[in-house]
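Chains as they are written, first to last, in this note's numbering: chain G, 451 to 603; chain F, 86 to 373.
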Amino acid sequence: MEITLTINDRTFKADVEPRLLLVHFIRENACLTGTHIGCETTTCGACTILLDGKAVKSCTLLAVQARGKRLTTVEGLMKNGRLHPIQEAFWEEHGLQCGYCTPGMIMAAYHLLQENPNPSDEQIRRGLEGNLCRCTGYQNIVKAIQSAAAKLA
Amino acid sequence: MIPEAFEYFAPSSIQEAISLARRYGGDAKFLSGGHSLLPMMKLRLAAPKYIIDLAGIGELTQISEEGDSLKIGALVTHKAIETSDEIQSRCRLLAEAAFEIGDPQVRSCGTIGGSVAHADPAADYPAALLALDAEVRIEGPSGGRSVRASDFFVDLFTTALQQGELLVAIHVPVLAHNVGTAYKKLRQQASGFALVSAAAVVAKDEGGKCTHIAVGISGVGPKAFRASKVEESLLGKTLTEKNITNASHHVTASVDVQNDIHASAEYRSAMADLFAKNAIWVAANRAE
Ligand SMILES: Cc1cc2nc3c(=O)[nH]c(=O)nc-3n(C[C@H](O)[C@H](O)[C@H](O)COP(=O)(O)OP(=O)(O)OC[C@H]3O[C@@H](n4cnc5c(N)ncnc54)[C@H](O)[C@@H]3O)c2cc1C
Ligand code: FES
Ligand code: FES
Chain G
451 MEITLTINDR
461 TFKADVEPRL
471 LLVHFIRENA
481 CLTGTHIGCE
491 TTTCGACTIL
501 LDGKAVKSCT
511 LLAVQARGKR
521 LTTVEGLMKN
531 GRLHPIQEAF
541 WEEHGLQCGY
551 CTPGMIMAAY
561 HLLQENPNPS
571 DEQIRRGLEG
581 NLCRCTGYQN
591 IVKAIQSAAA
601 KLA
Chain F
86 MIPEAFEYFA
96 PSSIQEAISL
106 ARRYGGDAKF
116 LSGGHSLLPM
126 MKLRLAAPKY
136 IIDLAGIGEL
146 TQISEEGDSL
156 KIGALVTHKA
166 IETSDEIQSR
176 CRLLAEAAFE
186 IGDPQVRSCG
196 TIGGSVAHAD
206 PAADYPAALL
216 ALDAEVRIEG
226 PSGGRSVRAS
236 DFFVDLFTTA
246 LQQGELLVAI
256 HVPVLAHNVG
266 TAYKKLRQQA
276 SGFALVSAAA
286 VVAKDEGGKC
296 THIAVGISGV
306 GPKAFRASKV
316 EESLLGKTLT
326 EKNITNASHH
336 VTASVDVQND
346 IHASAEYRSA
356 MADLFAKNAI
366 WVAANRAE
């Protein structure tokens, strides 16, 4: 099936099998490998991207479901050679160790801060419920998001 | 994990979707948010040959007022239900239940129609819809019909939907301002699904006597159910904590309680009593 979709303001056109998962389209057709595949079972959130502005798990959508839509992946956050404030904050606050969960964490955080620019600790934890990290113990991720909220204010 | 190959259709009207479903019968599945269906297809627990994606049917995405009920289109997402002003102000119970579903990403994709049609015994909406006396609106090859929530959930993953029938909307009553509601859930930590959840709708008179009560329970048995014994013993009584506690016993008495790696049947039963009590207590305090 012929599909067209926009990722990080670039248009992609491809002829895909309907069963192709969106995350595979992003990584293999669009060659944007910042979006990770962790569990493949909708649990870990490593594959989180924005679909028309909303955080979704791209391992649990078909590429054909995203036709005509606008997607943002972690590669789309950097502007004019500068990291996005959330990316900066993850760096400064040591919000990552191995980094496997980080793209998904950052996209979930992006969505969270769009909806609630000044979240409490508890709201941050609740907003990240769909994302697992096996390294950090989450403390520094929460700190990074608080710091990003302050930078963006 | 890649699903088995299938042919994909994207109808733009209810009629078109129904005629596709009729043409392909048991080999076809409707696709809404895909957050129950795609995980099953990836695990090859489901392998439909034809997928009928409902996303292009605009009229299924609306929330509107119809008489004294709210009509919620099948494709309205959990997220939209959680955040809709209309639902928050007129049927807060449903918004509270939606907020308890999975995680933010799941709520962005999953839909009320998909959840209700799927009828997972640990899903959140069924308890709320039973307590609200909601109605499920169905369209099919032989016309439309409405089914009460209490007749809709038949068994484990089994509903009143017949082959090829499409769930088009859920009708929930707009509650009077003096009615109190509450949704309380004990989550299974890994998945977020309910080990037990309780939805309560309560009204009382000036003296604090219970004039209406409905309690829906999810997560415990093969399907959601009404705690009718609890309701009977509280109706007409003063809604004190003591009376509510005394009534919230043996909630699961006539139910085949699940016993699995997440919780024993004994624990689930004990928690059903506790969460029923908590939901009724909060609803009673919210009632004016
Ligand atoms: C990680 C995770 C956590 C979750 N946690 C929870 C939770 O805590 N509580 C909870 O309640 N749910 C939970 N869910 C399930 C989630 O709510 C799903 O979105 C929901 O069960 C199915 O809705 P859907 O729109 O995704 O339906 P789909 O997956 O598209 O469809 C589900 C089934 O219903 C059929 N169907 C879909 N729409 C219709 C229709 N209009 N008419 C007739 N048949 C139809 C499909 O053919 C399919 O068989 C979770 C899911 C995931 C992945
Ligand atoms: S890879 Fe998508 S949720 Fe884990
Ligand atoms: S930093 Fe390693 S999984 Fe999160």
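Every residue gets a Cβ at the ideal spot worked out from N, C-alpha and C, and that includes glycine.
Taking the CB atoms as reference points, tell me whether residue i and residue j lie closer together than 7 Å.
| i | j | result |
| --- | --- | --- |
| L179(F) | I186(F) | no |
| A309(F) | G301(F) | yes |
| G395(F) | D341(F) | With chain F covering 86 to 373 only, the question about residue 395(F) has no answer from this structure. |
| H297(F) | A288(F) | yes |
| V232(F) | A216(F) | no |
| I374(F) | S169(F) | This structure cannot speak to residue 374(F), because chain F is shown only from 86 to 373. |
| I595(G) | A558(G) | no |
| S303(F) | A212(F) | yes |
| G265(F) | A372(F) | yes |
| L130(F) | L122(F) | no |
| K294(F) | I329(F) | no |
| I499(G) | T483(G) | no |
| I453(G) | V466(G) | yes |
| K507(G) | T492(G) | yes |
| T337(F) | A364(F) | no |
| V315(F) | A299(F) | no |
| L563(G) | A599(G) | yes |
Output, in chain order, the set of chain F residues within a Cβ distance shorter than 7 Å of residue i.
| i | result |
| --- | --- |
| K463(G) | Within 7 Å Cβ-Cβ: nothing; K463(G) doesn't reach chain F, min ~17 Å. |
| T498(G) | Q190 |
| G484(G) | Residues of chain F passing the Cβ test: none, with the nearest at roughly 17 Å. |
Under 8 Å between beta-carbons, which chain G residues line up against residue i? List them in chain order, please.
| i | result |
| --- | --- |
| V191(F) | T492, K507 and G580 |
| P143(F) | Inspection of the sequence shows that residue 143(F) is occupied by Gly rather than by Pro. Neighbours of G143(F) on chain G: none; closest Cβ ~14 Å, over 8 Å. |
| H163(F) | The contacting residues do not exist; H163(F) stays about 12 Å from chain G at best. |
Using a Cβ cut-off of 7 Å, pull out every chain G residue sitting near residue i, in sequence order please.
| i | result |
| --- | --- |
| Y93(F) | M451, P468 and V514 |
| M86(F) | E490 |
| P124(F) | T491, T492 and T510 |
Comparing alpha-carbon positions, which option in the options lies nearest residue i?
| i | options | result |
| --- | --- | --- |
| F278(F) | S339(F), V191(F), D240(F) and L246(F) | V191(F) |
| A392(G) | R469(G), M555(G) and T483(G) | In this structure chain G extends from 451 to 603, so residue 392(G) is not present and cannot be described. |
| H335(F) | D188(F), P88(F), A355(F) and G229(F) | A355(F) |
| E101(F) | W366(F), S276(F), P226(F) and V239(F) | P226(F) |
| T586(G) | R576(G), Y560(G), F540(G) and P569(G) | F540(G) |
| P258(F) | S104(F), A364(F) and S154(F) | S154(F) |
| T323(F) | A312(F), A207(F), S313(F) and G292(F) | G292(F) |
| S276(F) | A558(G), L472(G), G580(G) and Q537(G) | G580(G) |
| A159(F) | L271(F), L319(F), A332(F) and E250(F) | E250(F) |
| L252(F) | I157(F), M126(F), A267(F) and Q274(F) | I157(F) |
| P124(F) | I103(F), L260(F) and G195(F) | G195(F) |
| L512(G) | R520(G), R460(G) and P468(G) | P468(G) |
| V268(F) | V281(F), H256(F), L260(F) and E317(F) | What sits at residue 268(F) in the sequence shown is Tyr, not Val. Out of V281(F), H256(F), L260(F) and E317(F), V281(F) has the C-alpha closest to the C-alpha of Y268(F). |
| A90(F) | K127(F), Y109(F) and S117(F) | K127(F) |
| H474(G) | I453(G), T454(G) and C497(G) | C497(G) |
| G488(G) | R520(G), L582(G) and K519(G) | L582(G) |
| A348(F) | H262(F), A140(F), H203(F) and A207(F) | A207(F) |
| T146(F) | E351(F), S339(F) and G118(F) | G118(F) |
| F237(F) | S174(F), R311(F), Y352(F) and C176(F) | R311(F) |
| G199(F) | C176(F), T243(F) and L105(F) | T243(F) |
State the CB to CB distance for the pair residue i and residue j, rounded to an integer number of angstroms; the pair is presumed to be in contact (CB under 8 Å).
| i | j | result |
| --- | --- | --- |
| L214(F) | A234(F) | 4 Å |
| K601(G) | P535(G) | 4 Å |
| H34(F) | T510(G) | For residue 34(F) there is no data in the structure shown, the boundaries of chain F being 86 and 373. |
| K114(F) | P96(F) | Actually they are not in contact, since the Cβ atoms of K114(F) and P96(F) sit about 13 Å apart, beyond 8 Å. |
| G577(G) | P189(F) | 6 Å |
| V221(F) | V239(F) | About 12 Å; that fails the 8 Å criterion. |
| Y93(F) | Y109(F) | At roughly 12 Å, the Cβ-Cβ gap does not stay under 8 Å, so Y93(F) and Y109(F) are not in contact. |
| E543(G) | N479(G) | At roughly 34 Å, the Cβ-Cβ gap does not stay under 8 Å, so E543(G) and N479(G) are not in contact. |
Starting from the beta carbon of residue i, find every residue of chain F whose beta carbon is closer than 9 Å, and list them in chain order.
| i | result |
| --- | --- |
| A558(G) | D188, P189 and Q190 |
| G495(G) | D188 and Q190 |
| H561(G) | P189, Q190 and S193 |
List the residues of chain A that residue i touches, going by C-beta distances under 8 Å, in chain order.
| i | result |
| --- | --- |
| G577(G) | Protein chains G and F are contained in the structure displayed, whereas chain A is not. |
In chain G, which residues lie with their C-beta within 9 Å of the C-beta of residue i?
| i | result |
| --- | --- |
| H256(F) | Simply none; closest approach about 26 Å. |
| G249(F) | Correct list: empty, because the minimum Cβ distance to chain G is about 21 Å. |
Mind pulling the chain F residues with CB within less than 8 Å of residue i?
| i | result |
| --- | --- |
| K519(G) | Per Cβ cutoff of 8 Å: no residues; K519(G) is ~10 Å from chain F at best. |
Practice task
Go through the stretch 203-291 of chain F residue by residue and report every complete run of the beta strand (DSSP E) that reaches 3 residues or more, in order.
Solution key: Entirely contained in the stretch 203-291 of chain F, the beta strand (DSSP E) runs reaching 3 residues are, in chain order, 220-225, 228-233, 238-240, 251-258, 265-272 and 279-289.
Exercise for the section: Would you mind listing the beta strand (DSSP E) stretches within the stretch 299-355 of chain F that are 3+ residues and don't spill past its ends, in chain order? Expected result: The stretch 299-355 of chain F contains no whole beta strand (DSSP E) run of 3 or more residues.
Problem - Ranges of the alpha helix (DSSP H) found wholly within the stretch 125-195 of chain F, counting only runs of at least 4 - result: The stretch 125-195 of chain F contains these whole alpha helix (DSSP H) runs: 163-168, 170-175, 177-184 and 189-194.
Problem - beta strand (DSSP E) runs wholly inside the stretch 505-562 of chain G, at least 3 long, in chain order - result: You should have 520-522.
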